[in-house]
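Peer 1: After the structure tokens below, expect a handful of questions from me.
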Amino acid sequence: MVTAAYLARAGMRVLVLEARELIGGCAVTEEIWPGYRVSTASYLASLLQEKVVRDLELERFGYRVDAKDPAFFSPFPDGRHLFMWQDRAKTLAEIAKFSQHDAEAYPRYEAHLEKLGMVAESLLLTTPPDFPPHAIGDFIEYLKLAGRLRGLSRAEIVGLVKVFTQSAADFLDDWFESEEIKVTLATDGVIGANGGPRSPGTAYILLHHCMGGVNGIRGLWGFVRGGMGAVSEAIADSARAHGAVIRTQAPVEKILLGNGRAIGVVLADGEEIRAPIVASNLDPRRTFLHLLEETALPADFVAGIRRFRSEGTSLKMNLALRGLPEFAAFPGAPGPQHRATMHLCPSIDYVERAWDDAKYGRPSRYPLIEMTIPTMYDASLAPAGHHIMGIFLQYAPYTLKGSDWDTEREPYAERVIDVIEEYCPNIRDIIVERQTLTPLDLERRFGITGGNIFHGEMSLDQMFVLRPLAGWARYRMPVKGLYLCGSGAHPGGGVMGAPGHNAAREILKDR
Ligand SMILES: Cc1cc2nc3c(=O)[nH]c(=O)nc-3n(C[C@H](O)[C@H](O)[C@H](O)COP(=O)(O)OP(=O)(O)OC[C@H]3O[C@@H](n4cnc5c(N)ncnc54)[C@H](O)[C@@H]3O)c2cc1C
């Protein structure tokens with residue numbers, strides 16, 4: 371949709387084809403029960419690039435975000451709790467409850483993360499150079515990249531290398547001593563990951579989640595007014611205002627080829643639509659293994675895409691509630707805890723054990739649970755006095771050993787409610803409706819292979835010059851006229867608009 375909006379602004383005739391009855395993909399608001407408008411998949415905004423918001427005038431088209439405050443609330447089984455607020459002094463006082471050392475380290479940690487974030491962020495809207503480099507221009511691009519490191523100290527460059535290679539736990543061990551502080555910060559490192567907090571590479575995912583902001587304030591996350599679908603609607607309205615046409619219930623079955631290049635698409639009902647350029651934001655496996663004949667692509671490319679890892683480990687539950695959860699560790703409702711992302715995961719070991727289950731094909735018996743209540747910010751999303759609660763959970767591996775998700779969905783949902791009940795004893799009494807989206811359901815509903823929320827793992831070997839494959843990270847694909855413009859391209863997943871922005875730039879260059 372972002373690609374469409376940029377191309378329409380540049381004067382191209384653009385048609386968007388969406389398989390579902392509504393636009394937005396993983397960023398949608400769906401009225402799944404009468405009166406409850408639910409962000410069924412993605413649920414928080416931060417990563418959407420300011421340049422994209424500005425260029426596409428998204429605020430003019432209704433895009434508004436309320437920054438979460440407090441950002442985090444973590445209740446612990448021993449009855450203690452931790453808040454993290456927008457107000458630095460309040461956060462430091464909370465951290466000091468657990469460790470004076472950590473309270474002193476936190477401002478330095480934040481400054482370090484911000485510095486690393488700025489370097490990594492400067493790459494988001496950049497087209498990766500060719501890899502391996504072969505022409506003189508490629509080497510110049512690498513030199514330009516190296517130039518971005520000029521302002522960094524030696525220690526910061528070491529920090530940058532570490533953040534791309536370390537585990538979230540090792541990264542945090544360098545700064546903090548308190549388990550409670552470390553696990554609260556480590557959650558961002560494992561969201562959507564195929565790994566535990568001690569798996570190398572998860573430190574980068576932590577950084578990836580810090581590369582945005584709300585209303586110009588870095589690192590904040592917030593709720594979109596009207597739910598996540600309002601982001602997609604704003605982008606769509608921006609595209610339509612410049613002439614783009616958007617069709618829903620138009621599943622593409624095949625990319626049409628002629629003389630070795632893309633010349634259009636065929637829809638599931640047989641309709642042929644001709645176009646000199648086709649841009650796909652389906653994930654790489656779906657684009658290349660479903661919409662094209664293998665013989666149209668180089669054999670090594672097909673082999674690479676087959677190896678592109680895109681099995682998800684995340685499960686989403688959406689609840690309609692007739693009240694608010696009461697936390698044993700922080701009684702009272704409504705309270706600030708309900709405005710935060712509420713984490714149920716008391717220690718790094720707890721999350722690592724949750725991952726241990728998933729490694730062997732079982733959903734975590736004690737999962738990492740992140741809960742959010744968007745109706746605390748936008749009451750219009752549910753009937754008066756009622757709430758919506760989103761539960762994002764790790765780990766629910768796509769492939770189960772000895773069973774399948776159609777069998778396990780409801781028993782596992784019960785297990786999740788049991789775990790929440792240990793922290794919120796009233797949870798069962800207030801549930802009115804429940805929707806459980808396992809990785810298999812995410813695949814079926816949103817068309818994302820393996821239910822991977824990022825269209826493919828965000829591990830070092832599938833990022834930047836290697837996303838989706840080495841030599842193919844510049845949005846142009848092996849078939850002339852075909853571009854990849856979604857999360858399967860650099861810089862990966864999240865409601866950030868960056869792959870779409872970059873792909874549009876390359877398409878316009880080739881015009
Ligand atoms: C459960 C979940 C929670 C998440 N939480 C967050 C979050 O809180 N914040 C955040 O920033 N990111 C989050 N993400 C990630 C983020 O939502 C995605 O990275 C992003 O929305 C992907 O956008 P996209 O345009 O690349 O692809 P998608 O949103 O996957 O869009 C692909 C589109 O293609 C359509 N399609 C598929 N097949 C066909 C076909 N054959 N023909 C036509 N159309 C087709 C799909 O219906 C879909 O609309 C989450 C994702 C999930 C699944």
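Counting in the numbering used here, the sequence shown tops out at residue 881, every number present.
Note that beta-carbon positions come from the ideal geometry of N, C-alpha and C, so glycine has one too.
Remember, it's a predicted structure, so these values are computed and weren't measured experimentally.
#1: Determine, using beta-carbon pairs with one atom in the stretch 584 to 595 and one in the stretch 413 to 426, whether at least three such pairs fall under 8 Å.
#2: Kindly indicate the opening and closing residues of the beta strand (DSSP E) around L738.
#3: State the CB to CB distance for the pair E603 and G432, rounded to an integer number of angstroms; the pair is presumed to be in contact (CB under 8 Å).
#4: Based on the DSSP output, what are the partners of Y747 in its beta bridges?
#5: By Cβ distance, which residues of its chain are closer than 6 Å to D607, with the 5 residues on each side in sequence left out?
#6: DSSP three-state call for T410: helix, strand or coil?
#7: Would you report the Cα separation of L577 and A473, rounded to the nearest angstrom?
#8: Skipping 5 residues on each side, what residues in its chain have a beta carbon closer than 6 Å to that of A638?
#9: Throw me the rounded Cβ distance for the G597 and R434 pair, which I believe falls under 8 Å.
#10: Grab the span of the beta strand (DSSP E) containing S650 for me, first residue to last.
#11: Which one or two residues does DSSP pair with R846 in a beta bridge?
#12: Can you find at least 3 beta carbon pairs, one from the stretch 834 to 841 and one from the stretch 494 to 511, that sit closer than 8 Å?
#13: Could you tell me if the beta carbon of F824 falls within a distance shorter than 7 Å of some heavy atom in ligand 1?
#14: Quick one: what's got a C-beta closer than 6 Å to R568's C-beta in the same chain, skipping five residues either side?
#15: Below 8 Å, how does it come out for the stretch 712 to 730 and the stretch 549 to 568: are there three or more Cβ pairs, yes or no?
#16: For S416, report the span of its alpha helix (DSSP H) as first-last.
#17: Under the rule that 16 or more other beta-carbon atoms within 10 Å means buried, what is V531, buried or exposed?
#18: Rounded C-beta distance between M741 and G755? I'm assuming under 8 Å.
#19: Please find out if some non-hydrogen atom of ligand 1 comes closer than 7 Å to the beta-carbon of E388.
#20: Please report the Cβ distance between E491 and M581, rounded to the nearest whole angstrom; I am assuming they are in contact, meaning their Cβ atoms lie under 8 Å.
#21: Give a single yes or no on whether P621 has its beta carbon closer than 7 Å to a heavy atom of ligand 1.
#22: Between V672 and E664, which are expected to be in contact by the criterion C-beta below 8 Å, what is the C-beta distance as a whole number of angstroms?
#23: Decide if K421 is buried, meaning its Cβ has at least 16 other Cβ atoms within 10 Å, or exposed.
#24: Quick one: grab the DSSP three-state call for Q619.
#25: Excluding the 5 residues flanking Q707 on each side, which residues of the same chain have their C-beta closer than 7 Å to its C-beta?
#26: Throw me the rounded Cβ distance for the A666 and A873 pair, which I believe falls under 8 Å.
#27: Is it buried or exposed for N585, if we count other Cβ within 10 angstroms and need 16 for buried?
#28: Beta strand (DSSP E) containing N688: first to last residue?
#29: Within the chosen definition, does the stretch 509 to 527 reach the stretch 840 to 860 through at least 3 CB pairs nearer than 8 Å?
#30: Quick check: what's the CA-CA separation for P848 versus K438?
#31: Do you know offhand how far A466's Cα is from A475's?
#32: In the DSSP assignment, find the unbroken beta strand (DSSP E) run with E401 in it and report its ends.
#33: Considering only residues of the same chain and omitting the five flanking positions on each side of T618, which have a CB-CB separation below 7 Å?
#34: State whether the stretch 802 to 816 contacts the stretch 682 to 689, with contact taken as three or more CB pairs (one from each stretch) at a distance under 8 Å.
#35: Looking at C-alpha atoms only, which residue of I625, N651 and D653 is the closest neighbour of G640?
#36: For S717 versus E549, is the C-beta distance shorter than 8 Å?
Peer 2: So, from the listed chains and residues:
#1: yes
#2: For the purposes of this step, residue 738 is identified with residue 368 of the sequence shown, where counting begins at 1. Per DSSP, L738 belongs to the beta strand (DSSP E) from L738 to T742.
#3: For the purposes of this step, residue 603 is taken as the residue at position 233 of the sequence shown. For the purposes of this step, residue 432 is taken as the residue at position 62 of the sequence shown. Contact flag correct, Cβ pair sits at about 7 Å.
#4: Within the sequence shown, the letter at position 377 stands for residue 747. Paired residues: none, contrary to the question.
#5: Mapped onto the sequence shown, residue 607 falls at position 237. Only F431 meet the Cβ criterion.
#6: To locate residue 410, count along the sequence shown from 1; it is residue 40. Three-state result, T410: coil.
#7: Your numbering for residue 577 matches position 207 in the sequence shown. Your numbering for residue 473 matches position 103 in the sequence shown. Cα to Cα, L577 sits roughly 20 Å from A473.
#8: Counting from one through the sequence shown, the residue named residue 638 turns up at place 268. Closer than 6 Å at Cβ, skipping near neighbours: P621 and E623.
#9: On the sequence shown, residue 597 is found 227 positions in, with the first residue counted as 1. On the sequence shown, residue 434 is found 64 positions in, with the first residue counted as 1. Not quite, the Cβ-Cβ distance comes to about 11 Å (not below 8 Å), so this is no contact.
#10: For the purposes of this step, residue 650 is taken as the residue at position 280 of the sequence shown. That run of the beta strand (DSSP E) goes V648 to S650.
#11: Here residue 846 refers to the residue found at position 476 when the sequence shown is read from its first residue. DSSP, once it has assigned bridges, lists Y853 as partnering R846.
#12: Verdict: yes, contact present.
#13: Working through the sequence shown from its first residue, we reach residue 824 at position 454. It does: the Cβ of F824 is within 7 Å (strictly closer) of some heavy atom of ligand 1.
#14: Residue mapping note: residue 568 aligns to position 198 of the sequence shown, counting from 1. Same-chain partners within the cutoff: S537, A539 and E722.
#15: yes
#16: For the purposes of this step, residue 416 is taken as the residue at position 46 of the sequence shown. Counting along the chain, S416 falls outside any alpha helix (DSSP H), and DSSP gives it neither H nor E.
#17: Sequence index remark: in the sequence shown, residue 531 carries index 161 (1-based). Per the 10 Å Cβ criterion, exposed.
#18: The count along the sequence shown starts at 1 and reaches residue 741 at position 371. The count along the sequence shown starts at 1 and reaches residue 755 at position 385. Not confirmed; about 19 Å, so no contact.
#19: On the sequence shown, position 18 is the one that residue 388 refers to. Yes, the Cβ of E388 comes within 7 Å of a heavy atom of ligand 1.
#20: Reading the sequence shown from its first residue, position 121 is the one you call residue 491. Reading the sequence shown from its first residue, position 211 is the one you call residue 581. Contact holds; Cβ gap of about 5 Å.
#21: The residue labelled residue 621 in the question sits at position 251 within the sequence shown. Within the cutoff, so yes.
#22: In the sequence shown, the residue the question calls residue 672 occupies position 302. In the sequence shown, the residue the question calls residue 664 occupies position 294. That pair is a contact at about 5 Å.
#23: Along the sequence shown, read from residue 1 onward, the residue named residue 421 stands at position 51. That one is exposed.
#24: Here residue 619 corresponds to residue number 249 of the sequence shown, with the count starting at 1. Of the three classes helix, strand and coil, the one that applies to Q619 here is coil, per DSSP.
#25: Working through the sequence shown from its first residue, we reach residue 707 at position 337. Answer for Q707: F443, F697 and F700, listed in chain order.
#26: Counting from 1 along the sequence shown, the entry for residue 666 is found at position 296. Counting from 1 along the sequence shown, the entry for residue 873 is found at position 503. The Cβ separation is near 20 Å, so there is no contact.
#27: Stepping through the sequence shown from its first residue, residue 585 is reached at position 215. By the 10 Å Cβ count, N585 comes out exposed.
#28: As a first step, residue 688 is located in the sequence shown; it is residue number 318 there, counting from the start. Taken as a continuous stretch (DSSP letters only), the beta strand (DSSP E) holding N688 covers S684 to L691.
#29: no
#30: Here residue 848 refers to the residue found at position 478 when the sequence shown is read from its first residue. Here residue 438 refers to the residue found at position 68 when the sequence shown is read from its first residue. Taking the straight line from one Cα to the other gives about 43 Å.
#31: Here the question's residue 466 lines up with position 96 in the sequence shown. Here the question's residue 475 lines up with position 105 in the sequence shown. Approximately 10 Å between the Cα atoms of the pair.
#32: Position 31 of the sequence shown, counting from 1, holds the residue named residue 401. From DSSP, the beta strand (DSSP E) with E401 extends over E400 to W403.
#33: As a first step, residue 618 must be located in the sequence shown, where it is residue number 248. The beta carbon of T618 sits closer than 7 Å to those of E388, R390, E391, L392 and I393, all from its chain and outside the five residues before and after it, given in chain order.
#34: yes
#35: Position 270 of the sequence shown, counted from the start, is the residue given in the question as residue 640. Ranking the options by Cα distance to G640, first place goes to I625.
#36: Translated into the one-based positions of the sequence shown, residue 717 becomes position 347. Translated into the one-based positions of the sequence shown, residue 549 becomes position 179. In contact: S717 and E549 (Cβ atoms closer than 8 Å).
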